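Basically the numbering used here = 1-based index in the sequence shown + 840.
All C-beta atoms, glycine included, are put in the ideal place defined by N, C-alpha and C.
Note that the structure is a prediction, hence the values are computed from the model and not measured.
In what follows, a single structure is set out as structure tokens and then discussed.
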Amino acid sequence: LHSPAATAISGTSRTWAAMSYLSFLVFAPLFLKRNDDFVLGHARQGLLLFVGWIFLLVVGAVPVIGPFIAALGTLFVAVMSILGIAYALRGDGWKMPILGEPAEEMTI
């Protein structure tokens, strides 16, 4: 179901918000759409996913258990990115599990 507010979100804002979940492309909405609260909310979450993915690259280098942890974490990042894109394109705000709360508290 779409929220009533979703109809008020422009297609451009939805596209920029979806871009927030595409790895390093998160920086485009962060710098170019700072005044759009809908985009910024998704960009904060996308930034935390990107930072988490970079962390997982480092963890993956740890012998024995690192690759396993990195694989699970990468799966989490991929699923959260797909869900984030879907919510953004629908025009819905979304609080991501685990990272949603810290993202809301972030000051950018």
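Return the CA-CA distance between alanine 910 and methionine 946, expressed in angstroms with no decimal places. When rounded, the distance between both Cα atoms is 25 Å.
Whole-angstrom C-beta distance between arginine 854 and leucine 929, which should lie under 8 Å: Yes, leucine 929 and arginine 854 are in contact; Cβ-Cβ is about 5 Å, under 8 Å.
According to the neighbour-count rule (16 or more other Cβ atoms, all chains shown, within 10 Å of its Cβ), is glycine 931 buried or exposed? Classification for glycine 931: buried.
Which two residues bound the contiguous alpha helix (DSSP H) that contains isoleucine 922? Note, isoleucine 922: alpha helix (DSSP H), 906-930.
Anticipated Cβ contact below 8 Å, phenylalanine 890 with phenylalanine 864, distance rounded: Going by Cβ atoms, the distance from phenylalanine 890 to phenylalanine 864 rounds to 7 Å, so yes, they are a contact pair.
With 16 as the cutoff for other CB atoms within 10 Å, does leucine 807 come out buried or exposed? Missing from the structure shown is residue 807; the chain here goes from 841 to 948 and no further.
Alpha-carbon spacing of glycine 900 relative to alanine 848, whole angstroms: Taking the straight line joining both Cα atoms gives about 42 Å.
Helix, strand or coil for threonine 788? Go by DSSP, reduced to three states. The structure shown has nothing for residue 788, since the chain only spans 841 to 948.
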